[in-house]
Amino acid sequence: MSETTTPPPADVMIRLDTVHKRYSGQSGDAVAPLSMDIRAGEFVVFVGPSGCGKTTTLRMINRMVEPSGGRIWIDGKDVTKVDVDDLRRHIGYVIQQVGLIPHMTVAANIGLVPRLLGWDKARTESRVDELLDLVGLEPAQFRTRYPKQLSGGQQQRIGVARALAADPPVMLMDEPFGAIDPITRGRLQEEFLDLQRRIRKTIVFVTHDIDEALKLGDRVAVFSEGSRLAQFASPLEILTNPADDYVRSFVGSGAAIRRLALLRVGDLDSADAEPAAGNGLRVSADETLYSVLERMLQDGVDSAVVSGESTADDRTFTLRDLLSAGSAGKVRP
Ligand code: ADP
Ligand code: MG
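For the sequence shown, the working numbering assigns the number -18 to the initial residue and increments by one for each residue that follows.
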């Protein structure tokens, strides 16, 4: 590798530059040379079938797996050269098995990294309480519990709190909600999206579930066998313009319906829509087309009024407007 490689631009938090991995004794690459840029504050999801190299790629980012070649840059530094312990303390890591230490309280588990970093007791304790609040668990009730006294969903929240403890700029998450029942899982996904809107970490999140990927990611990297990167794009782009037949079949049926859950009525092109008349179903601009269609069906109406900045900007959209926007992915440029 040339020593003259220049670092990536400042808005790139993670750069993978032809990173690859071949485990010893294996004849093929677990991860074939892979390059991508992940921007600061971006939520990127790796999705693909089991064995395609998602976990290996994620673990190369904090060097739990040493790359066989290529370079990884984090926040302007070539991390293939930095001290591993120091690197890991600056990257939060959350896994499906959570990995809470059973004989330590919730507070001690969350305070693990701050203690390693030499924070004093008072600072660590107040950070623990702040994090419990952040993940929606009452500090007074939870800080003294042991992991076995928590539900799966609560354990997973503690896992997230622990990863956030030292306020790392980067979070790596490997199927963190994989072992959770579907209802709790949906709730954890919503909560985590909310949390991310507030904390704006750079997140790399691994899943094999395309629905989870499309729901969470700002951009989604769709991998196929042999860690081929089939497409790296926004959920809407993947649903609207799948790069190839592999992506099309991985996304599966119902792409139009799924697009409805990603589009907001406020983003519809209102050029052809009628100014609002009467008092039909009123919806707000940040509702998804999916939720608006659901409400129209429930109320048995075939139009909805989207509130504008002022009453004069209110627009009426018909059922047909919404459906055609969903199927064409047609939104304001
Ligand atoms: P994914 O997370 O997408 O399921 P992995 O990154 O775990 O995929 O695995 C990618 C490939 O590397 C698989 O073929 C897997 O069997 C192999 N592999 C993973 N870990 C090891 C290891 N420690 N030693 C040897 N081969 C491994
Ligand atoms: Mg994996």
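Think of the CB as a built atom: it goes at the ideal place given N, C-alpha and C, for glycine as much as any other residue.
Give every residue of the same chain whose Cβ lies closer than 6 Å to the Cβ of residue i, excluding the five residues on either side of it in the sequence, and list them in chain order.
| i | result |
| --- | --- |
| Val116 | Arg138, Val141, Ala142 |
| Gly92 | Thr105, Val109 |
| Asp294 | none |
Kindly list the residues whose CB is nearer than 7 Å to the CB of residue i, restricted to its own chain and excluding five residues on each side of it in sequence; keep chain order.
| i | result |
| --- | --- |
| Leu169 | Gly134, Gln137, Phe158, Ile161 |
| Met(-18) | No answer about Met(-18) holds up, because its pLDDT of 46 lies below 50 and its placement is not dependable. |
| Val273 | Val246, Val264, Ala285, Leu303 |
Give me, in chain order, the residues of the same chain whose beta-carbon lies closer than 8 Å to that of residue i; leave out the 5 immediate sequence neighbours on both sides.
| i | result |
| --- | --- |
| Val(-7) | Asp18, Ile19, Arg20, Ala21, Trp54 |
| Glu255 | Arg296, Thr297 |
| Pro48 | Val0, His1, Lys2, Met41, Thr61 |
Quick one: give me the first and last residue of the alpha helix (DSSP H) that residue i is part of.
| i | result |
| --- | --- |
| Gly140 | 133 to 145 |
| Val151 | Run containing Val151: none in the alpha helix (DSSP H); it sits in the beta strand (DSSP E), 151 to 155. |
| Arg276 | 270 to 280 |
| Gln122 | 120 to 123 |
| Leu93 | 93 to 97 |
For a test of the three-state rule: what should DSSP assign to residue i, helix, strand or coil?
| i | result |
| --- | --- |
| Arg313 | Because Arg313 carries a pLDDT of 46, less than 50, the predicted location of this residue cannot be relied on, and the following value inherits that uncertainty. Arg313: coil per DSSP, three-state reduction. |
| Met(-18) | Model confidence at Met(-18) stands at a pLDDT of 46, short of 50, so the residue's coordinates are unreliable; what they give is reported in the following sentence. Met(-18) falls in the coil class under three-state DSSP. |
| Phe298 | strand |
| Met85 | coil |
| Val286 | strand |
| Thr105 | helix |
| Ile180 | helix |
| Ile55 | strand |
Rounded to the nearest angstrom, how far is the Cβ of residue i from that of residue j, given a contact under 8 Å?
| i | j | result |
| --- | --- | --- |
| Val28 | Ala194 | 4 Å |
| Ile191 | Val232 | 6 Å |
| Leu81 | Pro30 | 29 Å between Cβ atoms; not a contact. |
| Leu270 | Ala306 | 6 Å |
Under 6 Å: does the beta carbon of residue i sit that close to some heavy atom of the ligand GTP?
| i | result |
| --- | --- |
| Thr36 | Annotation note on the ligand GTP: not contained in the displayed structure, which lists the ligand ADP and the ligand MG as its ligands. |
Going by DSSP, what residue range makes up the beta strand (DSSP E) through residue i?
| i | result |
| --- | --- |
| Arg263 | 262 to 264 |
| Val63 | First-last for Val63: undefined, no H or E at that position. |
| Val75 | 72 to 76 |
- prompt: Quick one: complete alpha helix (DSSP H) runs, 4+ long, within the segment 2 to 52?
  reply: Unbroken alpha helix (DSSP H) runs of no fewer than 4 residues, entirely contained in the segment 2 to 52, are found at 35 to 42, following chain order.
query: Fully enclosed by the segment 186 to 248, which alpha helix (DSSP H) runs are 4 residues long or longer?
result: Qualifying alpha helix (DSSP H) stretches, in chain order: 191 to 197, 216 to 221, 226 to 232, 236 to 241.
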